[in-house]
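Visitor: Going down the list, the sequences are from chains H and W. Here our numbering is used: position 30 in the first sequence is 32, and no number is missing along the way. Here our numbering is used: position 25 in the second sequence is 1272, and no number is missing along the way.
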Amino acid sequence: EAGVAQSPRYKIIEKRQSVAFWCNPISGHATLYWYQQILGQGPKLLIQFQNNGVVDDSQLPKDRFSAERLKGVDSTLKIQPAKLEDSAVYLCASSPRGGMGETQYFGPGTRLLVL
Amino acid sequence: KNEVEQSPQNLTAQEGEFITINCSYSVGISALHWLQQHPGGGIVSLFMLSSGKKKHGRLIATINIQEKHSSLHITASHPRDSAVYICAVSSEETSGSRLTFGEGTQLTVNP
């Protein structure tokens, strides 16, 4: 079974530029998560999708971050414009149904550096 | 104060040593997860538990719901165990499967 795929693996941009990350979850998984992990910290949930609907985006900085999962399969996370403090690893995860306590399967992450 | 706290933040051990990483949480939970993160960012789920104890190979995870505390033990540690170990909880107070993460414990096992 293929795991969660993410691209690119690394990205370096200048502040005020735009960037987009892509995630393809495990086939059949209804729930998709985007996390931001700043160096030395645990991951922080940015947004959770159930199929193509948003379940939780309470911690997403909506003035600059946006995400979509139009067909309920793969997803794109965008930052526009980027700030220095956005430098982090962006992790995508998926789970079968999004039930309480369900195991989440993580992708390799996209490491973003904003200069 | 974070809802999930881990100790120690950093741990260095010699190969073969018994290792314990601790996690305390302050909210009601439906489950607690132990995760392993290697350099490069990918995260692997090690355990999910809501009571008692689970064992997988050289790894053992325990949880005490009354004390809101969990431990991850590694027996006969090996350099390949070097990674960041993260505790995360599914809170009863938040929606669905949202996880709240600790800040991780960086483990280095020297040969």
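Glycine residues also receive a C-beta, built at the ideal position from the N, C-alpha and C atoms. Because the structure is a prediction, the values reported are computed rather than measured.
At a CB-CB cut-off below 8 angstroms, which residues of chain W make contact with Phe51 of chain H?
Guide: Within chain W, no residue comes near Phe51 of chain H; the closest Cβ sits about 11 angstroms away, beyond 8 angstroms.
Visitor: Asp58 of chain H by DSSP, collapsed to three states: which one?
Guide: strand
Visitor: Can a CB atom of chain H be found closer than 8 angstroms to the CB of Glu1350 of chain W?
Guide: Yes, Glu1350 of chain W counts as interfacial toward chain H.
Visitor: Hey, is Ser1254 of chain W's beta-carbon within less than 8 angstroms of any beta-carbon in chain H?
Guide: no
Visitor: Quick check: what's the CA-CA separation for Ser68 of chain H versus Asn26 of chain H?
Guide: 17 angstroms
Visitor: Taking 8 angstroms as the CB-CB cut-off, is Ile1268 of chain W touching chain H?
Guide: no
Visitor: Going along chain W, which residues have a C-beta under 7 angstroms from Gln137 of chain H?
Guide: Because chain H is modelled from 3 through 117, residue 137 of chain H falls outside the range shown and cannot be assessed.
Visitor: By DSSP, does Glu70 of chain H sit in helix, in strand, or in coil?
Guide: strand
Visitor: For chain W, find out if any of its Cβ atoms is closer than 8 angstroms to the Cβ of Phe108 of chain H; answer yes or no.
Guide: Yes, Phe108 of chain H counts as interfacial toward chain W.
Visitor: With H, G and I counted as helix, E and B as strand and the rest as coil, what does DSSP make of Glu16 of chain H?
Guide: coil
Visitor: Quick check: what's the CA-CA separation for Gln50 of chain H versus Val1291 of chain W?
Guide: 19 angstroms
Visitor: Is the CB-CB distance between Lys1300 of chain W and Ala1308 of chain W below 8 angstroms?
Guide: yes
Visitor: Are at least three pairs of beta-carbons, each pair with one atom in the stretch 103 to 110 of chain H and one in the stretch 57 to 71 of chain H, less than 8 angstroms apart?
Guide: Not touching, per the Cβ criterion.
Visitor: Using the C-alpha atoms, what's the distance from Gly42 of chain H back to Gly1349 of chain W?
Guide: 11 angstroms
Visitor: Rounded to whole angstroms, what is the Cα-Cα separation between Lys1302 of chain W and Ser1317 of chain W?
Guide: 13 angstroms
Visitor: Since Thr33 of chain H is in the beta strand (DSSP E), which residue starts that stretch and which ends it?
Guide: From DSSP, the beta strand (DSSP E) with Thr33 of chain H extends over 33 to 39.
Visitor: Of all the CB atoms in chain H, is at least one closer than 8 angstroms to the CB of Leu1346 of chain W?
Guide: yes
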